[in-house]
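These notes concern the structure reproduced below.
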Amino acid sequence: CDQLYDLNIRYRYSAGRSSGYIGRDVATEHADIIAAVIDHDADVAANLLKTHYTKTGAFLRDHL
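Residue numbers (this note's numbering): 4 to 67.
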């Protein structure tokens, strides 16, 4: 878990400092995921989280 967390921080920092990442509304993505969790809608929460990770991964793949 510690290693995954460290890697997550590294990639988040790299993405967040990139000019190409600025147009993305990550705060809204997070809020939507939280709202789905609070609503006990596991399917929506899982799909939103998967989309969030996929967008981040695609950006990092192209950026790095």
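From the three backbone atoms N, C-alpha and C, an ideal C-beta is built for every residue, glycine too.
No experiment lies behind these values; they were computed from the predicted model shown.
Here ALA61 is exposed. Its C-beta has fewer than 16 other C-beta atoms within 10 Å. Taking every protein chain shown into account, the CB of LEU51 has 16 or more other CB atoms within 10 angstroms, so this residue is buried. Within the same chain, and ignoring the five residues on either side of ALA48 in sequence, the residues whose Cβ sits closer than 7 angstroms to its Cβ are ILE36, ALA39, VAL40. By the neighbour-count definition (other C-beta atoms within 10 Å, threshold 16), ALA18 is a buried residue. In this structure, the alpha-carbon of THR59 lies about 11 angstroms from that of ASN11.
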